[in-house]
């Protein structure tokens, strides 16, 4: 059975807004994922245009080089990135953070960076820059269970030791009542960046889960090798931020297992016969709640459709 978060992990996620699962992926899995990236890296798109840059050139997050974004891995012949959708070691965490029947919300992608490339200004958070409540990015803990509108999962394919740059957070900001001042988000205050922007150290095979309500970004990559991580965003069963589901993920479900297909379902409530992504991932069984035939027939007579 999937166990979800341990009491220690639950405490740390509630405290900081993120959690590192050390060694979640085996050496063989990391090697297979990197080999798949090697085979498709020529398709990566560089963010060279000014409008695509992720940080101001000056400040804590800026650098000369550009990040490269690689998508489409749900369609690759190599199965590794599809396997992350319902990985038996990862699915319990997504279920615990998003709720039963979690779903993929954004198209996943691999982030690639050479040494000397820019980071990403701070973003996310439960408050908008105008100090208004941001309903799209929220975290709550209710009845001892964490709940997020949107959870990111980043599978790290290379080491990111202290000082290498990469993923960073403002710890505890998922519970903020005020927006981060814009000059701090841009990295223009060296004292704030030094004291409050925390680089999360990781090794290849580590997986980081973080609430999109946690203010986060990336520091410039300084290591002498390419930065690689696979980024997924998940939501609860009946919530959507992204729109990728509108085109049925480009037909990716044809290559998926039943559990992986359940993760690709569009947003709708579990009681409306949703195939539920199992908390055990591909080790579990997809269960569909049964709705009364009389109610379904009534919907057809009223609306002319199977569901309201």
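Residue numbers (my numbering): 79 to 386. C-beta: ideal position from N, C-alpha, C; glycine also.
Alpha-carbon to alpha-carbon, residue j and residue i
i           : j           : result
residue 365 : residue 177 : 15 Å
residue 377 : residue 343 : 21 Å
residue 387 : residue 150 : Missing from the structure shown is residue 387; the chain here goes from 79 to 386 and no further.
residue 211 : residue 204 : 7 Å
residue 382 : residue 352 : 20 Å
residue 314 : residue 181 : 6 Å
residue 320 : residue 254 : 24 Å
residue 116 : residue 325 : 27 Å
residue 84  : residue 332 : 34 Å
residue 142 : residue 195 : 6 Å
residue 241 : residue 295 : 15 Å
residue 128 : residue 373 : 54 Å
residue 91  : residue 380 : 45 Å
residue 79  : residue 108 : With a pLDDT of 36 at residue 79, under the threshold of 50, the predicted position of this residue should be treated as unreliable, though the coordinate-derived value follows. Cα to Cα, residue 79 sits roughly 25 Å from residue 108.
residue 318 : residue 216 : 13 Å
residue 223 : residue 214 : 19 Å
residue 105 : residue 111 : 10 Å
residue 368 : residue 130 : 46 Å
Proximal residues to residue i (C-beta, below 6 Å), its chain only, five neighbours per side dropped
i           : result
residue 297 : 197, 243, 246 and 277
residue 280 : 234 and 238
residue 293 : 200, 202, 203, 248, 251 and 258
residue 322 : 185
residue 263 : 199 and 200
residue 310 : 186 and 231
residue 219 : 92
residue 206 : 212
residue 156 : 114
Same chain, Cβ closer than 8 Å to residue i, five either side skipped, listed in chain order
i           : result
residue 316 : 345, 346, 347 and 348
residue 209 : 256 and 257
residue 190 : 115, 119, 122, 145, 146, 147, 148, 304, 305 and 306
Residue of the options minimising C-alpha distance to residue i
i           : options               : result
residue 362 : 170, 89 and 126       : 170
residue 237 : 301, 86, 262 and 216  : 301
residue 370 : 385, 131, 357 and 96  : 385
residue 265 : 132, 168, 230 and 288 : 132
residue 227 : 290, 275 and 195      : 290
residue 25  : 214, 183 and 338      : Residue 25 lies beyond the stretch modelled for the chain, which goes from 79 to 386, so this question has no answer here.
residue 136 : 271, 229 and 156      : 271
residue 350 : 179, 216, 224 and 217 : 179
residue 172 : 82, 139 and 140       : 82
Bridge partners - residue i, DSSP secondary structure assignment
i           : result
residue 154 : Paired residues: none, contrary to the question.
residue 21  : Since the displayed the chain opens at 79 and closes at 386, residue 21 lies outside it and no answer follows.
residue 224 : 219
residue 294 : 201 and 247
residue 139 : In DSSP, residue 139 forms no bridge with anything.
residue 276 : 247
residue 85  : Answer by DSSP bridge pairing: none, since residue 85 is not bridged.
residue 98  : 286
residue 189 : 147 and 307
residue 182 : 312
residue 234 : 307
Min CB distance residue i to chain C below 9 Å
i           : result
residue 291 : Chain labels in this structure do not include chain C; a single protein chain is all it has.
Supposed close pair residue i, residue j - CB separation, criterion 8 Å
i           : j           : result
residue 308 : residue 188 : 5 Å
residue 100 : residue 284 : 5 Å
residue 287 : residue 231 : 5 Å
residue 162 : residue 168 : 7 Å
residue 328 : residue 153 : 7 Å
residue 275 : residue 138 : 7 Å
Cβ shell of residue i (< 7 Å), same chain only, five flanking positions each side left out
i           : result
residue 193 : 299, 300, 301 and 302
residue 166 : 358, 359, 360 and 361
residue 98  : 278, 280, 284 and 286
residue 103 : 233, 283 and 285
residue 261 : 267
residue 337 : 164, 355, 356, 359, 360, 362 and 364
residue 124 : 144 and 146
residue 221 : none
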